[in-house]
Structure formats: structure tokens, C-alpha cells
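Visitor: Chains as they are written, first to last, in the UniProt record's numbering: chain X, 1 to 344; chain B, 1 to 344; chain R, 1 to 344.
Quick one: the structure is below, questions incoming.
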Amino acid sequence: MFPKNAWYVACTPAEIADKPLGRQICGEKIVFFRGPDGKVAALEDFCPHRGARLSLGKVCDDGSLMCGYHGLRVGCDGKTVSMPGQRVQGFPRTRTFPVVERYGFIWVWTGDDKLADPAKIHHLEWAQNPEWAYGGGLYHINCNYRLMIDNLMDLTHEAYVHTTSIGQNEIDEAPVTTKLEGDIVTTSRFMENVMPPPFWRANLRGNNLADDVPVDRWQISRFTPPCHVMIEVGVAHAGKGGYHADAKDKVYSIVVDFCTPETETSMWYFWGMARNFNPKDEALTAAIRDGQAKVFAEDLAVLEAQQENIAQYPERRLLMLNIDAGGVQSRRILDRLIAQEADR
Amino acid sequence: MFPKNAWYVACTPAEIADKPLGRQICGEKIVFFRGPDGKVAALEDFCPHRGARLSLGKVCDDGSLMCGYHGLRVGCDGKTVSMPGQRVQGFPRTRTFPVVERYGFIWVWTGDDKLADPAKIHHLEWAQNPEWAYGGGLYHINCNYRLMIDNLMDLTHEAYVHTTSIGQNEIDEAPVTTKLEGDIVTTSRFMENVMPPPFWRANLRGNNLADDVPVDRWQISRFTPPCHVMIEVGVAHAGKGGYHADAKDKVYSIVVDFCTPETETSMWYFWGMARNFNPKDEALTAAIRDGQAKVFAEDLAVLEAQQENIAQYPERRLLMLNIDAGGVQSRRILDRLIAQEADR
Amino acid sequence: MFPKNAWYVACTPAEIADKPLGRQICGEKIVFFRGPDGKVAALEDFCPHRGARLSLGKVCDDGSLMCGYHGLRVGCDGKTVSMPGQRVQGFPRTRTFPVVERYGFIWVWTGDDKLADPAKIHHLEWAQNPEWAYGGGLYHINCNYRLMIDNLMDLTHEAYVHTTSIGQNEIDEAPVTTKLEGDIVTTSRFMENVMPPPFWRANLRGNNLADDVPVDRWQISRFTPPCHVMIEVGVAHAGKGGYHADAKDKVYSIVVDFCTPETETSMWYFWGMARNFNPKDEALTAAIRDGQAKVFAEDLAVLEAQQENIAQYPERRLLMLNIDAGGVQSRRILDRLIAQEADR
Numbered sequence: 001m002f003p004k005n006a007w008y009v010a011c012t013p014a015e016i017a018d019k020p021l022g023r024q025i026c027g028e029k030i031v032f033f034r035g036p037d038g039k040v041a042a043l044e045d046f047c048p049h050r051g052a053r054l055s056l057g058k059v060c061d062d063g064s065l066m067c068g069y070h071g072l073r074v075g076c077d078g079k080t081v082s083m084p085g086q087r088v089q090g091f092p093r094t095r096t097f098p099v100v101e102r103y104g105f106i107w108v109w110t111g112d113d114k115l116a117d118p119a120k121i122h123h124l125e126w127a128q129n130p131e132w133a134y135g136g137g138l139y140h141i142n143c144n145y146r147l148m149i150d151n152l153m154d155l156t157h158e159a160y161v162h163t164t165s166i167g168q169n170e171i172d173e174a175p176v177t178t179k180l181e182g183d184i185v186t187t188s189r190f191m192e193n194v195m196p197p198p199f200w201r202a203n204l205r206g207n208n209l210a211d212d213v214p215v216d217r218w219q220i221s222r223f224t225p226p227c228h229v230m231i232e233v234g235v236a237h238a239g240k241g242g243y244h245a246d247a248k249d250k251v252y253s254i255v256v257d258f259c260t261p262e263t264e265t266s267m268w269y270f271w272g273m274a275r276n277f278n279p280k281d282e283a284l285t286a287a288i289r290d291g292q293a294k295v296f297a298e299d300l301a302v303l304e305a306q307q308e309n310i311a312q313y314p315e316r317r318l319l320m321l322n323i324d325a326g327g328v329q330s331r332r333i334l335d336r337l338i339a340q341e342a343d344r
Numbered sequence: 001m002f003p004k005n006a007w008y009v010a011c012t013p014a015e016i017a018d019k020p021l022g023r024q025i026c027g028e029k030i031v032f033f034r035g036p037d038g039k040v041a042a043l044e045d046f047c048p049h050r051g052a053r054l055s056l057g058k059v060c061d062d063g064s065l066m067c068g069y070h071g072l073r074v075g076c077d078g079k080t081v082s083m084p085g086q087r088v089q090g091f092p093r094t095r096t097f098p099v100v101e102r103y104g105f106i107w108v109w110t111g112d113d114k115l116a117d118p119a120k121i122h123h124l125e126w127a128q129n130p131e132w133a134y135g136g137g138l139y140h141i142n143c144n145y146r147l148m149i150d151n152l153m154d155l156t157h158e159a160y161v162h163t164t165s166i167g168q169n170e171i172d173e174a175p176v177t178t179k180l181e182g183d184i185v186t187t188s189r190f191m192e193n194v195m196p197p198p199f200w201r202a203n204l205r206g207n208n209l210a211d212d213v214p215v216d217r218w219q220i221s222r223f224t225p226p227c228h229v230m231i232e233v234g235v236a237h238a239g240k241g242g243y244h245a246d247a248k249d250k251v252y253s254i255v256v257d258f259c260t261p262e263t264e265t266s267m268w269y270f271w272g273m274a275r276n277f278n279p280k281d282e283a284l285t286a287a288i289r290d291g292q293a294k295v296f297a298e299d300l301a302v303l304e305a306q307q308e309n310i311a312q313y314p315e316r317r318l319l320m321l322n323i324d325a326g327g328v329q330s331r332r333i334l335d336r337l338i339a340q341e342a343d344r
Numbered sequence: 001m002f003p004k005n006a007w008y009v010a011c012t013p014a015e016i017a018d019k020p021l022g023r024q025i026c027g028e029k030i031v032f033f034r035g036p037d038g039k040v041a042a043l044e045d046f047c048p049h050r051g052a053r054l055s056l057g058k059v060c061d062d063g064s065l066m067c068g069y070h071g072l073r074v075g076c077d078g079k080t081v082s083m084p085g086q087r088v089q090g091f092p093r094t095r096t097f098p099v100v101e102r103y104g105f106i107w108v109w110t111g112d113d114k115l116a117d118p119a120k121i122h123h124l125e126w127a128q129n130p131e132w133a134y135g136g137g138l139y140h141i142n143c144n145y146r147l148m149i150d151n152l153m154d155l156t157h158e159a160y161v162h163t164t165s166i167g168q169n170e171i172d173e174a175p176v177t178t179k180l181e182g183d184i185v186t187t188s189r190f191m192e193n194v195m196p197p198p199f200w201r202a203n204l205r206g207n208n209l210a211d212d213v214p215v216d217r218w219q220i221s222r223f224t225p226p227c228h229v230m231i232e233v234g235v236a237h238a239g240k241g242g243y244h245a246d247a248k249d250k251v252y253s254i255v256v257d258f259c260t261p262e263t264e265t266s267m268w269y270f271w272g273m274a275r276n277f278n279p280k281d282e283a284l285t286a287a288i289r290d291g292q293a294k295v296f297a298e299d300l301a302v303l304e305a306q307q308e309n310i311a312q313y314p315e316r317r318l319l320m321l322n323i324d325a326g327g328v329q330s331r332r333i334l335d336r337l338i339a340q341e342a343d344r
């Protein structure tokens, strides 16, 4: 179950640079491509002629998408533009999906078109600010997207899953606080005067700061529906004000997570990191992305095994501890949104 | 759904040259082998003793098939011949399938034995004529066999799927005609004064004809139930009479397609080409076969994606255009034959 | 269907030497590990916190098993020992499985704990006797465990499946005798004055005996529930008393087979051989194990194909010949045990 009336990250511009991309989002098979003037378009990936996959075709010079089977061309509005030797006025319209390119991502709306207001797309401040840099990647994971939201709203797991990079014992000794404001769930943890783990030592060096001194460290996870988790993370040299320290005394980033459902038991995980130090240093961007790729691959094995376990014992009640409050609150918001859609 | 009372191409002699072959045809698991005097036999691939797969066994000197598990031997008539230390008179008979070797193929009948008249096997004129040569291959495809029949009865797709070999723009500009005569569906297309595409240029050279001049080109697809599509194809130097031109002015072939069902969602695709020019030139036969293998592999990806799409949206109505008439008429014949069998 | 109130071989000590092992036995997902003082423990492989797989975690210094997701620690008794920042008294207990390390194997009981009497573990005389040596391995096979029991209780198949190692024509010429004593089924076959096949020639040499002379050969398969088949096998120089010959005139071994169910259609096959000649010769142990590995891999293909066949034709009645008596009697015992458990 997932809200349909919501903007989901579907793909990146690089994925549709050369040819159409077929991808299933929230159970819908969709083809993404650039139509006239390079504007992004999203259609059901199903040719109205004989059901071929439109994503196996190609984009024509006029921006229509030509089916690779018999040459039917469909426009961004879902109308069949032409087909050799055919009158196409009566052809059934192909379903279109509202789609917007913004912040370096392609966003799609899988529910009721009339409700698709681009103003509701999750705002990403850093994406339009030259003082910030972003790097990221994409994983396909065989688990329900809520398991990943649980994961990201409870960073206690870093101490166990990510022992060689971002994990450290102090994580689960620090208290965690969860707040609900409207449809935003925030879970925060602050650690004072701890030694930075390897990933953060590298980032301190990346900002020309000493990496062998105690730091104050913070993690502030923010869930917004349907499946976005932005995590403010960073370390400041101890005693300089922590989260509020001067830019010169800290390294501060936002971990970016879009947990887009593919089906009930699989998801697309768009992960990345935005940072506001040394934004022009592309080698640093690449190094951070490579580090994150390794860290998030560790979650993948855990989550796929958890999905299998839950599928085998579906009746089993799970615990809801204080550390799980972030995930639990997030699921409640999702449950409410899904119920509201069912009521319409 | 497929007609059961019909002769299907099951395999080639080469496939049973050294050992038995297990293959599922129309949902029936069958073992094919050469019995006494090399005569081909077909039995259910299920040992009456403990259900082992007979095709894992071997053919004995007396032409019986010995199970590779406990040595039970079964004859071509399905009777157990012997088993070490056992009296086998009371053993249940193994189901036999009518089977005939003809025209370079092994044909099997999966329905009611009493109706299996070898005279009903599809006649292949060229197969017994020394002025013709044949080369071909076999693909396993994860799609319903009707999708392949649609494909072959509408060659418009050549312009889109096979762009570098047999496709050319003029294909979908030429009108197509579909005729129904008894249980035979014929779809024809004639192109006049066009430049030959790469596959046909190679064939013109193969018949010592100029390949850089305009030609008249024809495609005549003939469906006969249950799943055979023979396509007369060729080109003649323009203005020499086209399809009816003298043999010295044209290259003329028959594309041979047997779309044998394996299950509801998979099939065996026996493809090949028979030609009546330079029949002794084995290098030419091999070159044509290699070219066809590449062309038909392009269909495979399209059809498997189409099958997945149709399975995900089973209620969706597909279009039936004039170009689809060949496939639509063929399906009607199949539907009628299947309904007749259900009535018995 | 399998008896739950029974001791099954689950794994070997080597498999849990370094880390926990997750394995499904009789449909139960279980994690095996060494707890305090190295004592083996077995828990349901499901963390009570969020359902993560405990087998992805690690064993702590105090012998508790720590979940690799959020650090919950569970003891061998299934009680949660601790979790960072949590009071764990009210946590639900994790299911424990009775488990015993004995004879070089880890044995597990998947049924009612109260009935789990270690005295009922199948006794392996040779395992504790320094005059014997043992070598073996493990295969995962996609078939119901009863098909393997059938296989082992009817060694006629050696003449067909294992033609190059232990098979010989005389096997299916020799009469077979099946006896039922309590819950033990014994099937015996004796061959007199036959030439030894390759596997036995190698063993004769391994015991410094001539390998090019006729021998008396025996096979005595013993099934004990739930799934153990021990086979006394050997050859003696002909005329020296056969099975009862002096140790110096024969080679005598016990083929060890535990056919532990994983699911209804898959099993763990623990196979090996215990011998009482040259027990200190480790190279001989390795050579025998390598030979067995090849022989038992031949069964694997046959059994997986048989399983597929039976699944496709589930209503088909199989034959029950005299050679099948061992398997048939074994299945009757299993049926009775399973019915008794259902009655409780």
C-alpha cells in the first residue's frame, strides 16, 4: 500500500538522456522520455496498438515517442500522433502521468491527475544553491518501501550495520527525540565530545579540519510523505556550538533518501548527499558518493532478509520502541493518507 | 489455449541423433527418441515406475527406452518391455503420442490419437525438391505462441524492429491485403521500384545479381493452423515482372516459421529459410541462417516484453487495424478449432 | 509433510565455527550458534524487535546473539538479554529449539519441546570409535526428502545412475530382502563372486587388498525415522565369508545419509562414509569423500527432475515393486508418525 496522490522521484535526467526509460512506480508501468523542446513526459508503458512496451521504442525529432514494434507514435499528451497507413483519430488515448523535472530529479504523480499540483513537490533548498554540491546513486531493493523508511528514521542501526564507516558506540547511548509537526516526523540525536568515525574523519579532512580531535555530532532525520527522508548530519569540533557551530568549525551535510515504491515488495532507493563545504571539489563529491554507495549496500542485505522474514511470518507483531517512534509515526501518516484516498 | 488435435513441429532429427530429448509441447511433457530401425517415437516423459524423467535415460540396442533410474525399459508402443527382476505384464502403459518424421522435422500430435492422420501434416513442397536448400534454427521464447503468429502475419514491424537488415521505409507505405480461404489466411504486400535493404542485397549477390539497382519486393504470409506461417519473400530487378519474374532476374525464398506452444506463456520457435537459388552453396545457406538468427533475436525481446505487458493488464482491449487482419483472422481460426475440441 | 517431533541433523560444527548459521529445517527458519562455553544453541531466526534475521548478527563474548540491525541481544534461552537504551523485561521471548551436538553433527528438534529427549537421537556407534574414520559433505536438493529415502532404500538404481563408480550389472540380478522391525526398515542385497566396480577396487587398494579378484559384495540399507538411512556396504575376497569375513579379507563401510527436510519440496542432504579400515589415513578419507561427492551429484539431477514430474502430474499413482518395499515401508512409518502428531 502506498499513497497514489503524491509526487515520487522516478528517475534522474541522466537515465533518460539518450533513450526512453521504462520503470515501474507504485505498481504502474511507466515510460519516461523527453518530448518536444526536451520537456520530460511520462506515459503508460503500453502501446495502444498491441500492448508492446513503448520504452523499447525511440523518441522522434518532433518529440513524439515511436513504438519500436509497428511505428505508432504517441505524443506527450497520450494522443496517438500517427501510424503509417492508419487514421489514428479514434485510437484510445494512452494514460499520461503528471511529471515534473526539478532539483535534478524527475518527479511523477501516480494518482488522480486533477490533484497533481507541482507546488506540492518536496522542496530541496540545497538543490538550487551554488554553495551546495550533491552526489548520489540508485539501488533496486527487494523490500517494501516502509522498511527503508523505518531504517532511516532510526539511525541506531548505524552502530551495528555500518560499523566501519559511520557507526560508533556512542550512537545508541545518546537519547533520541521524535517530534510530529503536521505531516513531518523528525527524529533527532545529538552526541557530545565523541571521536569521529572514519566517514566523518574523511569529511573533516575534506573541509580542511583536524580529524583527530573530539567532535559534537548530530543526526536529524525528517520524514515527509510519501517516502522522503532527509537527514541533517554533521560534526563540529567539540565545544564550538555543535549543530549551531560556525561553518568553519564543522562539516554539515544532508543525506537525501527517496524510497520510491516499485511494487508491494520492491523499491527504488535514490540515495545521495548534499553538502555545503567545498562544493566545487568534484573529487570530494565522488569520494563521498563512493563511500555512501558502500554504506547503503550494507542496508540492502539486511532489508531484503527482513522482508523475507516478515513475508514468512506475516501475523507476527513487531515491537515499537522509543527508537522506532520515527518509523511508527511515519507509517501512521502513510496509513492515514492511504485511507483518505480509499474514501474518495 | 491451443488446438490439441493438430500436428506440431516438436524437434529436428539432429536433436535426437545421440540421445533422447525431453521437451514440453502444448503442456505435455514428451520424450522423443529413435526406436527400432531408427523410427522416431514419442512417449510421455514419465517413468511408470516412480515418475523419473525417461529422457534422462538412454535408448537400448533393441530400440526400447531405458529409464536412467532403475532400468525399466519401455517400447515405442508405451508397453513396458522389461525391468530387471520384475514381471512387467501388469505395468500401466505409458502414454504414446502419434509422431512422424517428415520434411526434416519431427511432428507430434498432442490430442486424440484416433484423429491423428499423417496426411494432415502441413505439406512442405520445397523440403523434397533438390532445387531448394533449407537452413534454420530454434529459439525458446517466453510468450504465448499467438503473439508470434501476430508478428509474422503483420510484417509492418520489419520497418521498426529489423531496421538494419530487412526493414525499409517503403514497407509501411505499401498497402496490405488479407484473404481468408478455408483455414488459410494470406496477407500480401508488394513494393515496386524500391532499393533493396541489406539482407536482400546480400541475397541478390548470392544469386549473382546486381544489388545496387531498384527492385520489386514482395511478402506473402500464409498462416495454416495450428501455428505455421510460411512467408514467400523475394525481390526481382525492377520491371522484370516482380513476383512473376523469371528465376534469373529474382531471388525468391520461403521464410519458414513453426510457432509450437510449450505452455500458455512460452513457445518453441522453429525458424528458417528455404530458397531455390544456388541450392548447393552451403556457405550461402550458413550465411543466410546466421543473418536470420540475428533478425529473429530482435523479435524475441519485443515479444517477451509484450507478453509481460499483456499479463499485467489482461483486461486491456487491443486494436485490430487493417495491418492486424492477418493475425486477427488466424486467431479466429484457432478459437474455432479450440471451441470445436471442447464440444466433443 | 514431516514428523516434527524428531531429531534432525541440522548442520555440522564447521558451519558454525566462525559465525551464526541461518538454515530452514522442516519449514522453520532457525539460527544456530555457539552460546556460553561454546554450547550450541538454536533460535528462531527472527529478531523480536523488527523481524531482522538474527543469523546476520554475531555472537557476543557472553555467548548471547546480537542482532546485526539494532543491537538487541538474545540468550540461548530465547530471552532478550539487553538492548541499548531499552528495558527488555517485557520483550517477547524468541522461540528456542532443542539442540544437541553429538557424533560430529548438530541435531535439532522442531516439534514439541517437552518431548525432546536427547536419548532418542539416532545412535552412531562408529562416530565415537577411534577404529573408524568419517568423511562427508552436504548438498541442497530441490526435492521432497522422501524421494531421497526411496532412492537410498532401493540401491538397484546404482546400476543405472552410478554406472562408472559403484554400479554393476549384478546388482539388479541379486534378490533383495526387506524387513520391518519396529520402526526400522532394512533392505539387504548380497552378490557373490562378482568383480568389484571402480569405487570398490579403489577401497580394496586402500586396505592393501588385491583389487583384481572376484569378491562377495553386500548392501544393507537401514531406515530409521525421521530421515536417516545408514547403509552397510562392502566387499570381501570371494569365498572368505562375505559380510562375515575377517577384517583382513574385506573392506567394510557405512554410508551415512541424513535427508533433512527444508520445505515440502527441498532438502538438505548430509552424506558421508564411515569406514573401519586404515582410519588414520586422511588422504584416503579425502579420496573417498571426493568419490562420493561425484556419485551423489548424479542422484541430484535425477531426483530434481523426478520432483518436477511428480509436481506436474500429482494424481498419478506410482508403482510399488518388491525393490520399492524399503521406500514404501519407510513412508508408512513416516505417515503413521505424522498422523500421530496430528492427533495430539
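Even for Gly, the Cβ is constructed at its ideal location relative to N, Cα and C.
Measuring alpha carbon to alpha carbon, tell me which of SER64/R, TYR8/R, VAL235/R, HIS244/R ends up nearest GLY78/R.
Guide: Counting from one through the third sequence, the residue named residue 78/R turns up at place 78. Considering only alpha carbons, the answer is SER64/R.
Visitor: Can you find a CB in chain B that lies within less than 7 Å of the CB of GLY71/X?
Guide: Start at 1 with the first residue of the first sequence, and residue 71/X comes out as number 71. Yes, GLY71/X lies at the interface with chain B (some Cβ there is under 7 Å from its Cβ).
Visitor: For a contact defined as C-beta to C-beta under 8 Å, what are the partners of ASN309/R on chain B?
Guide: Sequence index remark: in the third sequence, residue 309/R carries index 309 (1-based). Those are LYS29, ASP45, PHE46, GLY51, ALA52, ARG53, listed as they occur along chain B.
Visitor: Is LEU155/X helix, strand or coil when you go by DSSP?
Guide: Counted from its first residue, the first sequence places residue 155/X at position 155. LEU155/X: helix per DSSP, three-state reduction.
Visitor: Mind listing the chain R neighbours of LEU56/B? Cutoff is C-beta to C-beta under 8 Å, in chain order.
Guide: Along the second sequence, one-based indexing puts residue 56/B at 56. Result: ALA301, VAL302, ALA305.
Visitor: Interface residues of chain R around PRO84/B at Cβ under 8 Å?
Guide: Here residue 84/B refers to the residue found at position 84 of the second sequence. Those are THR156, ALA159, ASP172, GLU173, listed as they occur along chain R.
Visitor: Give a yes or no on whether the minimum CB-CB distance between GLY90/X and chain B is below 7 Å.
Guide: Locating residue 90/X in the first sequence gives position 90, where the first residue counts as 1. Taking Cβ atoms only, chain B never reaches closer than 7 Å to GLY90/X, which makes this a no.
Visitor: Against chain R, with Cβ distances strictly below 7 Å, would GLY68/B count as a contact?
Guide: As a working note, residue 68/B is residue 68 in the second sequence. Yes, its Cβ sits closer than 7 Å to a Cβ of chain R.
Visitor: Would you mind telling me which residues of chain B sit closer than 9 Å to TYR313/R, beta carbon to beta carbon, in chain order?
Guide: As a working mapping, residue 313/R is identified with position 313 in the third sequence. In chain order: LYS29, GLU44, PHE46, GLY51.
Visitor: Can you tell me which of ILE333/R, ILE338/R, LEU319/R puts its alpha carbon nearest to the alpha carbon of PRO92/B?
Guide: By 1-based counting over the second sequence, the position of residue 92/B is 92. Out of ILE333/R, ILE338/R, LEU319/R, LEU319/R has the C-alpha closest to the C-alpha of PRO92/B.
Visitor: Determine the burial state of VAL256/R: buried for a count of at least 16 other Cβ atoms within 10 Å of its Cβ, exposed for fewer.
Guide: Here residue 256/R refers to the residue found at position 256 when the third sequence is read from its first residue. Buried, since its Cβ has 16 or more Cβ neighbours within 10 Å.
Visitor: Using the three-state DSSP reduction, which class does MET66/X fall into: helix, strand or coil?
Guide: Counting from one through the first sequence, the residue named residue 66/X turns up at place 66. Residue state, collapsed to three classes: strand.
Visitor: Check the C-beta distance from PRO3/R over to LEU337/R and give it rounded, since I have them as a contact under 8 Å.
Guide: If you number the third sequence from 1, residue 3/R lands on position 3. If you number the third sequence from 1, residue 337/R lands on position 337. Going by Cβ atoms, the distance from PRO3/R to LEU337/R rounds to 4 Å, so yes, they are a contact pair.
Visitor: With distance defined between alpha-carbon atoms, name the residue in TYR160/R, ASN207/R, ARG189/R nearest to TYR243/R.
Guide: If you number the third sequence from 1, residue 243/R lands on position 243. If we check each option's Cα against that of TYR243/R, ARG189/R comes out closest.
Visitor: Which runs of the beta strand (DSSP E) spanning at least 3 residues fall entirely within the segment 99-156 of chain X, listed in chain order?
Guide: Listed in chain order, the complete beta strand (DSSP E) runs (minimum 3 residues) inside the segment 99-156 of chain X are 99-102, 105-109, 133-141.
Visitor: DSSP three-state label for ARG205/R, please.
Guide: For the purposes of this step, residue 205/R is identified with residue 205 of the third sequence, where counting begins at 1. Here ARG205/R sits in helix by DSSP.
Visitor: Between which residues of its own chain and CYS60/X is the CB-CB distance below 7 Å, once the five residues before and five after are set aside?
Guide: For the purposes of this step, residue 60/X is identified with residue 60 of the first sequence, where counting begins at 1. Contacts found: MET66, ARG73.
Visitor: Just tell me which of TRP200/B, ASN193/B, ILE220/B has its CA closest to the CA of THR177/B.
Guide: If you number the second sequence from 1, residue 177/B lands on position 177. Checked all of TRP200/B, ASN193/B, ILE220/B; the closest Cα to THR177/B is ILE220/B.
Visitor: According to DSSP, is SER55/X helix, strand or coil?
Guide: As a working note, residue 55/X is residue 55 in the first sequence. Three-state result, SER55/X: helix.
Visitor: Measuring straight from C-alpha to C-alpha, what distance separates THR156/X and PRO48/R?
Guide: Reading the first sequence from its first residue, position 156 is the one you call residue 156/X. Reading the third sequence from its first residue, position 48 is the one you call residue 48/R. C-alpha separation (whole angstroms): 16 Å.
Visitor: For GLY326/X and PRO198/X, I'd like the C-alpha separation in whole angstroms.
Guide: Position 326 of the first sequence, counted from the start, is the residue given in the question as residue 326/X. Position 198 of the first sequence, counted from the start, is the residue given in the question as residue 198/X. So the alpha carbons of these two residues sit roughly 26 Å apart.
Visitor: What residue range is occupied by the uninterrupted alpha helix (DSSP H) comprising ALA238/X?
Guide: Numbered from its first residue, the first sequence carries residue 238/X at position 238. From DSSP, ALA238/X is part of no alpha helix (DSSP H); its letter is neither H nor E.
Visitor: In chain R, what lies closer than 8 Å to ARG316/X by C-beta?
Guide: Residue numbering aside, residue 316/X sits at position 316 when the first sequence is read from its first letter. The contacting residues are PHE46, GLY51.
Visitor: Residue 353/R to SER165/R, Cα distance in whole Å?
Guide: For residue 353/R there is no data in the structure shown, the boundaries of chain R being 1 and 344.
Visitor: Using CA atoms only, rank isn't needed, just tell me which of HIS122/B, GLU304/B, VAL233/B, THR263/B is closest to ILE30/B.
Guide: Here residue 30/B corresponds to residue number 30 of the second sequence, with the count starting at 1. The shortest C-alpha separation from ILE30/B is found at THR263/B.
Visitor: Among all the DSSP beta bridges, which residues are the ones paired with ARG34/X?
Guide: Counting from 1 along the first sequence, the entry for residue 34/X is found at position 34. Paired residue(s): VAL40/X.
Visitor: Between residue 354/B and TYR145/B, is the Cβ-Cβ spacing less than 7 Å?
Guide: Nothing about residue 354/B can be reported from this structure: the residues present for chain B run from 1 to 344 only.
Visitor: Helix, strand or coil for residue 384/X, going by three-state DSSP, please let me know.
Guide: The requested residue 384/X is not part of the displayed model; chain X covers only 1 to 344.
Visitor: Comparing the C-beta of LEU319/R with each C-beta of chain B, is any distance below 7 Å?
Guide: Working through the third sequence from its first residue, we reach residue 319/R at position 319. Yes, because at least one Cβ of chain B sits closer than 7 Å to the Cβ of LEU319/R.
Visitor: Three Cβ pairs or more, each shorter than 8 Å: is that satisfied between the segment 167-176 of chain R and the segment 303-317 of chain R?
Guide: No, the segment 167-176 of chain R does not touch the segment 303-317 of chain R.
Visitor: Using a threshold of 7 Å, state whether the C-beta atoms of ASP183/X and ASP324/X are closer than that.
Guide: Residue numbering aside, residue 183/X sits at position 183 when the first sequence is read from its first letter. Residue numbering aside, residue 324/X sits at position 324 when the first sequence is read from its first letter. Not in contact: ASP183/X and ASP324/X (Cβ atoms no closer than 7 Å).
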